[in-house]
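Enquirer: Position 252 (the sequence shown) corresponds to 251 in numbering that gives the first Met the number 0; numbering is contiguous.
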Amino acid sequence: MSFESLSSDFYGYENGLSDQEKELIVRLRAYIEAEVRPIVNEHWANAEFFPREVVKGLADLGLFGQPWKETRQFENSAVFRGWVALELARVDASLATLVGMQNGLVMGSIAVAGSQEQRDEWLPKFASGELLGAFGLTEPLSGSDSAQGLRTIAKRDGDNWVINGAKRWIGNGSISDVTIIWAKDADDGQVKGFIVPTSTPGYSATRIENKQALRIVQNADIVLTDLVVPEANRLQNSKSFRETAAVLRLTRAEVAWAAVGNSVGAYEAAVKYAGERIQFGKEIGEHQLVQDLLARSLGNITASIGMVTRVSQMLDEGTQRDEHASLAKAFTTSRMRETVAWCREIFGGNGIVLDYDVIRYFADAEAIYSYEGTREMNTLIVGRAITGKAAFV
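(1) Since P123 is in the alpha helix (DSSP H), which residue starts that stretch and which ends it?
(2) Who are the Cβ neighbours of S4 in its own chain at under 8 Å, not counting the five residues just before and after it?
(3) Please return the same chain residues whose Cβ sits closer than 6 Å to the Cβ of G148, not counting the five positions on each side in sequence.
(4) If you draw a straight line from the alpha carbon of L234 to that of F193, how long is it in whole angstroms?
(5) For R401, I'd like the list of residues in its chain whose CB is within less than 8 Å of its CB, leaving aside the five on either flank, ordered along the chain.
(6) To the nearest angstrom, report how far apart R80 and G99 are at their CA atoms.
(7) Which residue comes first and which comes last in the alpha helix (DSSP H) that contains S333?
(8) With three or more beta-carbon pairs closer than 8 Å as the criterion, would you say the stretch 353-365 touches the stretch 198-218?
(9) Can you pull the DSSP bridge partners for N163?
(10) Starting from the C-beta of A258, find all residues in its chain whose C-beta is less than 6 Å away, skip the five residues before and the five after it, and write them out in chain order.
(11) Quick one: using the 10 Å Cβ neighbour count with 16 as the cut-off for buried, is V352 buried or exposed?
(12) Which residue from D225, F134, S17 puts its Cα closest to that of S175?
(13) For my contact list, I162 and I180 are in at a C-beta cut-off of 8 Å; report their separation, rounded to the angstrom.
(14) Is it buried or exposed, L297, if we count other Cβ atoms within 10 angstroms and call 16 or more buried?
(15) DSSP three-state label for P37, please.
(16) Could you tell me whether the Cβ atoms of I304 and D91 are closer together than 8 Å?
(17) So is M469 buried or exposed if we call it buried at 16+ other beta carbons inside 10 Å?
(18) Suppose you measure from the CA of R155 to the CA of Q72; what does that come to, to the nearest Å?
(19) Could you tell me if L87 is buried or exposed, where buried requires 16 or more neighbouring beta carbons within 10 angstroms of its beta carbon?
(20) Taking the alpha carbon of Q217 as the point to measure from, which residue in K388, F279, R167 has its own alpha carbon closest?
(21) Buried or exposed, going by whether 16 or more other CB atoms sit within 10 Å of the CB of R251?
(22) Considering I179, what are the terminal residues of the beta strand (DSSP E) in which it resides?
(23) Beta-carbon separation of L62 and R26 under 8 Å?
(24) Return the bridge partner residues of I215 from the DSSP annotation.
(25) Got a sec? Which residues, its chain only, sit under 6 Å from R383 by beta carbon, not counting five neighbours each side?
(26) Note down the Cα distance separating V227 from Q19, rounded to an integer number of angstroms.
(27) Taking the continuous beta strand (DSSP E) assigned at T205, which residues delimit it?
(28) Beta-carbon separation of A112 and N236 under 8 Å?
(29) How big is the Cα-Cα spacing for T224 and D321?
(30) In the DSSP assignment, find the unbroken alpha helix (DSSP H) run with I283 in it and report its ends.
(31) What are the boundary residues of the beta strand (DSSP E) that includes A133?
(32) Looking at V195: is its Cβ nearer than 8 Å to the Cβ of N232?
(33) Grab the span of the alpha helix (DSSP H) containing F361 for me, first residue to last.
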C-alpha cells in the first residue's frame, strides 16, 4: 500500500515526512481502519475501554516509545509523532489520548525525570504494551494551579516514602498497571514523581461516571492512603515542579496535533455526508452554504496544521519554549471547536446520531479543549511571553 497524504491536508504537509515515517503512517492507517473504526462507536456509547489487544497492536506497530532512544524503532521527528497523533484522532480522539498518555506523559515522566537505570527498567515495559500507564498530577482541588497547589504529600521514611492524597481526572487511572504520582515532599516542599504499581496497598481508583466526552478513556478518582513507595521508585531526577513542567511541555504540542486530528475526523465525515445526502433534488454538497461550511472548516484545519508543524520543528531544533506549545494548543483547540460545530451543522438532525460519527468528534472536542492546559491558562503563558508580566492571579 503506497502513501497518500490526506485530502484534508490541503497543502500537503504530510509529504514532508521521511520514507520510513510514511511507511509507518501507512501501516497505522490500515491497522486503525481495520481494528478500531468498526468498534469505536460501540465502545464510545458504552464508555468501555479498548480491548487490550488493540493496545498490544499499537505497541507492535512501534507507536509507544518513539521519542526515546531506549525504545524507538528508528530515528524520527517530532513532526512525525505529531502526525501519528493526528492520524489516530481523526478516527478517535480517545485513541490519540491513549497513545499520548502512554508515550508522552507516562514514558516521558520516566525519560525526563528518571535515572538511566529507571529508564532501562521501565521504558521497554511500557513500549511493549506489557504495562499500561497513567499520569497522576491533577487533584480534586488543584488543576491549573498544580505548580503551587498540590495537596498530595510524600513523607520520607527511611528507604521508603509514605504518600497521602487524592487525584482526579486521571486518564486510565482505574485500569492502569502503573501510575506516575506527583506529590509534594513534606520536608522541602518540592514536587517529586513516583512510579506506583496500582496493586500497591493504599492505592484506590474509582472510574468517573457519566462523562460525555472522550468516553473511552477511563478517567478516575484516585485516593492514596498511607501508600508506601520505595526510594528506588522515586523518579531520581525529579527535584521540583520544573521536571513536571518539562514533561507537560513535551506533550502539549501533541495534544494540539490531536485537536487537528479531531477536526479532520469531523471534516472527513461531513465531506462524505455532503456527497450522499439528497435535498431539493441534489446532493447537499452542491449547495453554496454547505460548501461555505466545508471551506471554513478546511481553512481552520490547514492553518492549524501549519502551526503544529512549525512548533514540532522547533522541538526538534531545540528552540521550542513553553509559550510556543501553549499558543499552538490554545489556537488549534479553539479552531477545533468551530470546525466540529460547522461539520455537525452540515448533518442537520442526523448530526446528533452516533451512527454518523460527527457527534462523537463534537463531544470529544470539549475534553481536548480543556485538558493539558485550558485555553485561558495557555493564553496567560503566551501573554507573559508577550508582555514580560505574569497575570496568573
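Using N, Cα and C, we set each Cβ at its ideal position, and we do this for glycine too.
Expert: So, from the listed chains and residues:
(1) 115-126
(2) G11, Y12, E13, N14
(3) Correct list, in chain order: S141.
(4) 6 Å
(5) Only positions 0 to 392 of the chain appear in the structure, and residue 401 is not among them; the question remains open.
(6) Spanning the two alpha carbons is a distance of roughly 10 Å.
(7) 321-345
(8) yes
(9) I152
(10) T331, T332, M335, I367
(11) exposed
(12) F134
(13) 6 Å
(14) buried
(15) helix
(16) The answer is no: Cβ separation not under 8 Å.
(17) The shown model of the chain, from 0 to 392, leaves out residue 469, and the question about it has no answer.
(18) Distance between the alpha carbons of R155 and Q72 is about 38 Å.
(19) buried
(20) R167
(21) buried
(22) 177-184
(23) By the CB criterion at 8 Å, L62 and R26 fall outside the cutoff.
(24) Answer is none; I215 lacks a bridge partner.
(25) A389.
(26) Q19 has its alpha-carbon roughly 44 Å from the corresponding atom of V227.
(27) 202-206
(28) yes
(29) 34 Å
(30) It is not in any alpha helix (DSSP H) - I283 carries neither H nor E in the DSSP assignment.
(31) 132-135
(32) yes
(33) 357-369
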